[in-house]
Every structure is written in C-alpha cells, then in structure tokens.
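Presented below is the structure to which this report refers.
Number of protein chains: 2
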Amino acid sequence: MPPGLPRDVPVRGETLDATARRVLRNSVSVHEQYLEQLYTLNVPEVANRWSIIVGYIALVSSTTGPVASDAITWSPTEALTHIGESDRMVIDYAVVRLRAKLGYTNIAFHLLPPTFTLTELQNAYETILARRLDKRNFRRRMIASGILDETSDKRRDGSHRPAALYRFRADLDTATYLTPHWSDPADGANTT
Amino acid sequence: MPPGLPRDVPVRGETLDATARRVLRNSVSVHEQYLEQLYTLNVPEVANRWSIIVGYIALVSSTTGPVASDAITWSPTEALTHIGESDRMVIDYAVVRLRAKLGYTNIAFHLLPPTFTLTELQNAYETILARRLDKRNFRRRMIASGILDETSDKRRDGSHRPAALYRFRADLDTATYLTPHWSDPADGANTT
DNA sequence: ACAAAAGTGTTCATTCTACACCCATGA
DNA sequence: TCATGGGTGTAGAATGAACACTTTTGT
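Right under this line is the structure:
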C-alpha cells in the first residue's frame, strides 16, 4: 500500500458514508465497523484539479477480520512517517476525538469482543488514553454508568480467579450518547 | 432571499473556509466573524448532479454589521419553516455544537461587544442555553475560569449601581480551548 | 502452598448547587 | 426615599482521587 491514508473518489449516487465504507473495505478487507465523519479539508491542487477530502474515522473490532489479538494494541501514530501533512492532521484530530468520545459514548464496544472482562475493558481505555487508570475507580464508574450488562459466564484463563464476563447493553445503538462516565483530566481539551 | 440556508459553489483554488466566508458575506453583508466547519453531507441528486454540502457555522457580533441590538437575541430555530430537511439537520446540529462549545471555549466573545458586563455575558449564555442560570454561581465560575479581564471602567445606564466592564483576555485566540468553565447538566449530550 | 489476576470500601479533597440580602445610583 | 439592577458568601451534597488487602483458581 502506498504511504498515506487510503482514499478514493466517490461513485455516482453513492452516499459519503458508503464511499467511506467502500474505501475501508478495499484497504483493510473489513466491513461492518463503526464509522464517523471527521472533517472536510482542502488539499493543494495537483494536476490542475481542485479537490477536497472528507475524512472519516473507523473502529475495527479486533475479533472480526484480519486483526487477531487478545489485547488491544495501539500503533503509535507518531511512528507513521512518510505520510502527508494533511494525513497527519487528520490522524491527530481523530485521536483527540476518539479519546473524548470514550468518555461519554459506548464506542469502546467496537474495540472489544462481544463479551469481555472488566480488566480487558480497562486495558482498552488505558491504551487509547495512553495512561494508567485506577482499577477500583474504573470498575465502579463503569458499573455505575449503566452501559454494561453482566453475563452469568466467567472466563477461566490461567491459575487464578476467573473473571466475570460483561457485554455492552444490547439496547444501545452503536455510538449512544450517555451521561459522562469518564472524564480525562489529562488532556483537558474537549471534542471538536 | 429564497428559503433555506445560503449556499454557493466554490471557486477554483478557493479554500473551503474562504468559500464559506464569501457565502456569508454575500448573504448577510458581514465579514470577519467566527467560522467553524460543521459537517459534510450528501444531498439528493437534482438535475442529474451528484453533490455534497459542507456546512459551516458562523457567529456574528451584534455590534459590527447590520445586526444592531444591545441584547443578544436568539431567533428560535423552530420558527424557521419552509426549509429543507438537510438544512434543518444542519441547524439543529449547529445549536448542539454551539451550546457545548460555550462550556469550554471563549466563543461567546463573538456574540458580545468588545467590553461587556457580567450580566450581559450571563444573558448571552442563558439565551443560547435556553435556561436560567444562577447569578452568583455564574459570576464565580466565569471569574475563576480566567478568560476575562476586568477593565477599570464601569457602565452607567439607568438609576442603579453601575456595572463593572470586562473584556475577554486579549492573548487568547478566537476559539481557544480552556479548562471547562461551564458544564450544562441540562442536555448532558456533549459535542460530536 | 504459592503465584497470579480478580475483586472489593473508605477517607479526604474538591466541586457543584441552592439560596437572600446589601450596595450604588438616578430620578 | 425609592426603585432598579449590581454585587457578594456559605453550608450541604455530590463527585473525584488515592490507596491495600482478600478471594479464587491452577499447578
């Protein structure tokens, strides 16, 4: 794949979201993921063509598709060199938005298997926010937020106490807005 | 003016922001205002033309330009009938964003004269948020937020105690991100 | 029995909310 | 002196942060 974010031009009659899904599918061979429009920006004219880019952010679950791993991994975006300045801005903005939304939506759902332990959930939060969280406070707030359902199952893995399995509440849509269940004092800056 | 939001097509080589400014200038005869991109959306094909709309929100100060009034007025957006569904969505989204940003930026600056009283500032917040705020709490939080500078002047108008005049801190840019100085428990939903 | 991760409560500091009266002025 | 809007403090509730030990399992 050439350096830079995957992109393409829309097809006649296609919605913007559909285009974004198609571009993603072509570049990562994954579909049915969470999609959100980010920002629309100009790019310098090349070959005498005026054009704009409509940026999207996509979350891909680590259990469906080619990304197979127990833990959420976060490819440090700083490591992405050889990309254009526009792409860099888009990515940085995406990270800010993602971190902010973590606090008041259930988008983390898209980064976890359908059923998961609280420790796994905390790991996801910690990797995205890039800082450690207090276990007891994290659990209390997550439970209190009401976005989780506890299942009756437990996960046994290794010689230690089994962990209770949770799932995200089924009646909530892909990116439901909730009463804030997390505030990140670290990067005090908010969304957009 | 025909019903609906003002719009136009970009000119070759023009940035998106420049287009937005031009459209605004043509429709309201005002410039040098706060501009922010909102969202990009598809519109149904008309006359066999596939097109998209890049929505912008603009704040116009009530002291410059044709809008002359001491008080901030808020034209209820519900009253805007005879507009398309796309426009309705754009406007509703704009209101949500504006309300959220009120809490952690200094954008209210663009709605007030260069120098203003705390009561005027509170009125601006109340009209935009569409609810009453507690005077003492509002003042305390605003002062504590550090986005204001107190001037040595006072405003005398009417037979009552004169009000201290404030201005927004000069060293802050048009829409600086600050530590949150207002949280609105009313519509708990945050920005996108 | 021990190693390893799961699970659980309390205290203290900070922040938010609700609320009522005195102050300075012009008429 | 009175009417008008400007200006101020506090107590109680709610929320957030810090912190260490017990429980359950597999080997």
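These protein sequences, in sequence, are chains Z and B. Following the numbering used here, the numbering of the first sequence begins with 1 at its first residue and continues without gaps. Following the numbering used here, the numbering of the second sequence begins with 1 at its first residue and continues without gaps. All residues carry an ideal CB built from backbone N, CA and C; glycine is no exception.
Query: Alpha-carbon to alpha-carbon, THR127(Z) and ALA53(Z); Result: What sits at residue 53(Z) in the sequence shown is Ile, not Ala. Taking the straight line from one Cα to the other gives about 29 Å.
Query: Assumed close pair THR115(B), ALA163(B) - CB separation to whole angstroms, cut-off 8 Å; Result: Their Cβ separation, rounded to whole angstroms, is 11 Å, which puts THR115(B) and ALA163(B) out of contact at 8 Å.
Query: Cβ-based burial, THR119(B) [other Cβ within 10 Å; buried from 16]; Result: exposed
Query: Beta-carbon separation (whole angstroms), TYR166(Z) vs LEU148(Z), contact threshold 8 Å; Result: 5 Å
Query: Residue range of the alpha helix (DSSP H) that includes VAL93(Z); Result: It is Tyr, not Val, that sits at residue 93(Z) in the sequence shown. Unbroken alpha helix (DSSP H) run through TYR93(Z): 85-102.
Query: Pairwise C-alpha distance: GLN37(B) and ARG97(B); Result: 11 Å
Query: Contained beta strand (DSSP E) runs [length at least 3] in the region 5-64 of chain Z, N- to C-terminal order; Result: 34-46 and 49-59
Query: Beta-carbon gap between ARG99(Z) and LEU59(Z) smaller than 8 Å; Result: no
Query: Same chain only: Cβ atoms within 8 Å of THR40(Z), ignoring 5 sequence neighbours per side; Result: ILE52, ILE53, VAL54 and GLY55
Query: Cβ of ASN190(B) within 8 Å of any chain Z Cβ; Result: Interpretation of ASN190(B) is limited by its pLDDT of 40, a score under 50 that renders its predicted location unreliable; the figure taken from the coordinates is listed afterwards. Cβ-Cβ to chain Z under 8 Å: yes for ASN190(B).
Query: Alpha-carbon to alpha-carbon, TYR93(Z) and ASP70(B); Result: Note that ASP70(B) scores a pLDDT of 39, beneath 50, so its modelled location is shaky and nothing firm can be said.
Query: Residue burial classification, THR105(B) (beta-carbon count within 10 angstroms, cutoff 16); Result: buried
Query: Alpha-carbon spacing of VAL43(Z) relative to GLU14(B), whole angstroms; Result: 11 Å
Query: Contact set for GLY84(Z): own chain, Cβ-Cβ below 7 Å, skip 5 residues either direction; Result: GLY4
Query: Option in GLY158(Z), SER86(Z), PRO10(Z) and LEU35(Z) with minimal Cα separation from PHE109(Z); Result: LEU35(Z)
Query: Cβ-Cβ separation, PRO10(Z) to SER27(Z) (assumed contact under 8 Å), whole Å; Result: 16 Å between Cβ atoms; not a contact.
Query: Interface positions of the region 10-23 of chain B facing chain Z (Cβ-Cβ less than 7 Å), listed along the chain; Result: ARG12, GLY13, THR15 and LEU16
Query: Minimum C-alpha distance to GLY107(Z) - residue among GLN33(Z), PHE138(Z) and ARG12(Z); Result: The question names Gly, but residue 107(Z) is Ile in the sequence shown. Selected option, being the one with the closest Cα: GLN33(Z).
Query: Enclosing alpha helix (DSSP H) for SER145(Z) [first to last residue]; Result: 135-145
Query: CB contact check: VAL54(Z) to chain B, cutoff 8 Å; Result: yes
Query: Where THR117(Z) sits in the DSSP three-state scheme; Result: strand
Query: Candidates TRP50(B), ARG131(B), ALA47(B) and PHE168(B): closest to GLY146(B) by CA position; Result: PHE168(B)
Query: Backbone CA spacing between ASP173(B) and LYS154(B) [nearest angstrom]; Result: 25 Å
Query: CA-to-CA distance, ILE57(Z) to ALA68(Z), given in whole angstroms; Result: Residue placement at ALA68(Z) cannot be trusted, given a pLDDT of 33 that sits under 50; the coordinates are not used to answer.
Query: Selected residue, minimal CA-CA separation from VAL46(Z), among ARG22(B), ALA20(B), ARG12(B) and ASN48(B); Result: ARG12(B)
Query: Backbone secondary structure at ALA163(B) - three-state DSSP; Result: strand
Query: Cβ-based burial, LYS101(B) [other Cβ within 10 Å; buried from 16]; Result: buried
Query: Nearest-angstrom beta carbon gap, LEU121(B) and MET142(B) [assumed within contact, 8 Å]; Result: 7 Å
Query: Sub-8 Å separation of VAL23(Z) and ASP8(Z) beta-carbons; Result: yes
Query: Buried versus exposed call for ARG49(Z) [16 or more other C-beta atoms within 10 Å across all chains shown]; Result: exposed
Query: Buried or exposed by the 16-neighbour rule on C-beta atoms within 10 Å, applied to ALA161(B); Result: It should be pointed out that residue 161(B) corresponds to Arg in this sequence rather than to Ala. It is exposed - the Cβ of ARG161(B) has fewer than 16 other Cβ atoms within 10 Å.
Query: CA nearest to the CA of GLY103(Z), picked from PHE138(Z), ARG88(Z) and ARG25(Z); Result: PHE138(Z)
Query: Chain Z contact residues for ASN42(B), given Cβ-Cβ distances below 7 Å; Result: THR15 and LEU16
Query: Proximity test, SER159(Z) beta-carbon vs the ligand HEM heavy atom, cut-off 7 Å; Result: As for the ligand HEM, it is missing from this structure, which has no ligand bound.
Query: Span separating the alpha-carbon of ASP17(B) from that of ARG140(B); Result: 36 Å
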